[in-house]
Amino acid sequence: MQAHAALQAEGGALRTPDERSAAPSSPSPSTASAFPIPAPATVNLLRPTVPLKRPDPSPVTPPQDGEDRRQVLVGSFILEYVLRRSPRRSIGFMVDDNGLRVTAPKRCSLADIENAIRAKQNWILTKLDERRERRAARLDKPPLEWKDGAKLPYLGSEITLRLYHAPRNRTDFNPATNELAMGLVQGATELLLKERVKNWYKQQAEGLFAQRLDLYAPRVGVQYASFSLSSADSRWGSCTVQRVIRLNWKLMYFSLPLIDYVVAHELAHIHEMNHSPRFWAHVERVYPQYEEAKQLLRRRSQELPVLFP
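If you're matching positions, the sequence shown starts at 181 in the numbering used here and goes up one per residue.
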């Protein structure tokens, strides 16, 4: 979240994952998402046979359409950044795992953009250092071992992965036992298993996120145009000037209060495409514990196992 605000964040009045409470102290009824049919009672252990190679620890994401990779001299060194033009009225900065991204008005000159970067250099350099440290810590964690009995994060708690041989692929979640059962055909690979687990997370996310957006939009006093899922490495959500909301499906790892915080945050951007005091006032009106949520989401995101490196 940033002006498309990369936000990151539970604490204070918010419940911990162990308490499994869904409601923040701001009035926000928790609503359970619909679950698939229960898992089979008996499972035969099956271990996928094809391990996946971990990615390069320093991926370089090329600029997308409408973006331009540029360099600017800051002090005695050269800083690389990606520039994107937009209808917004001010210059915005976002630092993610791929570096600095700058969003500027279409009529803003390069000289003004570079001066704004230099004026913001202390904040930018601090955030770049923090990102490098977080990425190194994340890649230092061993990836999840995809086997029967593996633990997966889900809505602030854990569910157990159950694998069994089946004549066809099937996926069943049993909310009574918190088990996600994957029926796999003979010769199924780890890659196939991971894709199916990821798709299951996304299916759950689509229903739950739409529900939370519809709950919070009238509270924030806005209408969003549409919403879709994202798979960004470092952004939990974004909002465009066209009122299009994108939410990261990996938010399904976290408890409902944290998901609600991200939802409220992005909806508030329909009022203010920035992080000004006016923006935070909109967030606080519907989610008073936003500071605690922001900090807890940051901590929780660093504690998670590496599921999909």
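Built from N, CA and C at the ideal position, the CB exists for glycine as well.
Check	Outcome
Please list, in chain order, all residues of the same chain as M432 whose beta carbon is under 6 Å from its beta carbon, the five residues on each side excluded.	Y381, Q384 and A385
Under a Cβ-count criterion, where at least 16 other Cβ atoms within 10 Å of its own Cβ denotes burial, should E310 be classed as buried or exposed?	exposed
If you follow the alpha helix (DSSP H) that N295 is part of, which residue opens it and which one closes it?	L290 to A299
With DSSP collapsed to three states, give me the class of Y470.	helix
Report all residues from its chain with a CB closer than 6 Å to the CB of L263; omit the five preceding and five following residues, and keep chain order.	D248, R250 and V282
By Cβ distance below 6 Å, which residues in the same chain neighbour N358 in space, the five residues on each side in sequence not counted?	I339
Would you identify the three-state DSSP class for L487, choosing helix, strand or coil?	coil
So is Q482 buried or exposed if we call it buried at 16+ other beta carbons inside 10 Å?	exposed
For R415, count the other beta carbons within 10 Å of its own beta carbon; 16 or more makes it buried, fewer makes it exposed. Which is it?	buried
Give the single residue among Y261, S410 and R376 whose Cα lies nearest to the Cα of L280.	Y261
Taking DSSP as the reference, what is the three-state secondary structure of N302?	helix
Measuring only the C-alpha atoms, how far is S410 from G417?	8 Å
Could you tell me which of S406, L436 and V252 sits nearest to Q422, measuring between CA atoms?	S406
Among the residues of its own chain, which have a CB less than 6 Å from the CB of I297, if the five just before and after it don't count?	V252
What number of angstroms, rounded off, separates the C-alpha of L137 from the C-alpha of L290?	Here the chain comprises residues numbered 181 to 489, so residue 137 is not present and cannot be evaluated.
Would you identify the three-state DSSP class for M362, choosing helix, strand or coil?	strand
Taking just the CA atoms, how far does A330 sit from Q301?	43 Å
I think V486 touches A448, with their Cβ atoms under 8 Å apart; what is that distance to the nearest whole Å?	Not confirmed; about 31 Å, so no contact.
Report the rounded CA-to-CA distance for Q469 versus R458, giving the unit in angstroms.	16 Å
In chain order, what residues of the same chain have a beta carbon less than 8 Å from the beta carbon of Q366, not counting five sequence neighbours either side?	H345
Short of 8 Å in beta carbon distance, which residues of its chain neighbour Y396, apart from the five on each side in sequence? Order them along the chain.	S208, D440, V443, A444, L447 and V466
Checking 8 Å against the spacing of the C-beta atoms, do F389 and L427 come in under that value?	yes
Helix, strand or coil: how does DSSP classify M453 here?	coil
Do I293 and F273 have their CB atoms nearer than 8 Å?	no
Have a look at S266 and N354 and give me their C-alpha separation to the nearest angstrom.	45 Å
In three-state DSSP terms, what is D198?	Residue confidence is low: D198 scores 35 on pLDDT, short of 50, so the model does not pin down where it sits. No coordinate-derived value is stated.
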